[in-house]
Amino acid sequence: MKVHGAVFSTASQRVIACLYEKKLDFELVPVDMSTGGHKKEPFISLTAITSYVAHAYAHKGNQLMYSDAKKTAISSMWIQVEANQFDPVASSLCWELVFKSKFGMTAAAAVVDEKTAKLGPVLDIYEARLAQSKYLGGHDFTLADLHHLPCIQLLMGTQVKKLFDSRPHVSAWCADILARPAWLKVVAMQAKN
Numbered sequence: 357m358k359v360h361g362a363v364f365s366t367a368s369q370r371v372i373a374c375l376y377e378k379k380l381d382f383e384l385v386p387v388d389m390s391t392g393g394h395k396k397e398p399f400i401s402l403t404a405i406t407s408y409v410a411h412a413y414a415h416k417g418n419q420l421m422y423s424d425a426k427k428t429a430i431s432s433m434w435i436q437v438e439a440n441q442f443d444p445v446a447s448s449l450c451w452e453l454v455f456k457s458k459f460g461m462t463a464a465a466a467v468v469d470e471k472t473a474k475l476g477p478v479l480d481i482y483e484a485r486l487a488q489s490k491y492l493g494g495h496d497f498t499l500a501d502l503h504h505l506p507c508i509q510l511l512m513g514t515q516v517k518k519l520f521d522s523r524p525h526v527s528a529w530c531a532d533i534l535a536r537p538a539w540l541k542v543v544a545m546q547a548k549n
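Each residue of the sequence shown is one higher than the one before, starting from 357 at the first, in the numbering used here.
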């Protein structure tokens, strides 16, 4: 299996983490994002890729989707919450607080303040959910949790970490998912580049 992407891309990291969770072999085909290489071919969305992998290889590795219809619906809802509520804010914070400095740019303080203020209420919703179950989709790690990994990893090295740490269930969830062997392999890949 070939993954077209860049190891520092959060979208690529989600796909790679999914493949590691499923214990599938893959080849990373580098894409030069600085020249728009990721826009030259018809790449499909990460949610479609991870969902396909989780279903097509359900018999391999760790289960990332439930077979029970009700549990699947709950997990799917949290995948949408990640995509529509968490990721837009978290990705913006990652850009401002992590990536801009790598490109010699300065974070826009007003944007950081605005996005930080928006992330807090989202994490309050997560705190309430995680008080009821170990993971967002239920009592098992699923794609709903996996999709959060890249941004959480980056934000843990910024001042935004305090938002996660101040919510005990969110903090425990972050510690749990960031310590998964599959995710640690993604982190190791990043360290090599």
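Note that beta-carbon positions come from the ideal geometry of N, C-alpha and C, so glycine has one too.
Item                                                                                                       : Value
For H360, the three-state DSSP class (helix, strand or coil)                                               : strand
Beta-carbon separation (whole angstroms), P506 vs Q369, contact threshold 8 Å                              : 4 Å
The region 453-466 contacting the region 518-533, beta-carbon criterion three pairs below 8 Å              : no
Continuous beta strand (DSSP E) stretch holding V385: start and end                                        : 383-386
DSSP-derived helix/strand/coil call for S527                                                               : helix
Whole-angstrom distance between E452 and V363, CA atom to CA atom                                          : 19 Å
Extent of the continuous alpha helix (DSSP H) to which R485 belongs                                        : 465-486
Presumed contact (8 Å Cβ cut-off) between E377 and G417, rounded CB distance                               : 6 Å
C-alpha distance - S365 paired with A487, whole-angstrom precision                                         : 31 Å
K471, buried or exposed, once every other Cβ within 10 Å from all chains shown has been counted against 16 : buried
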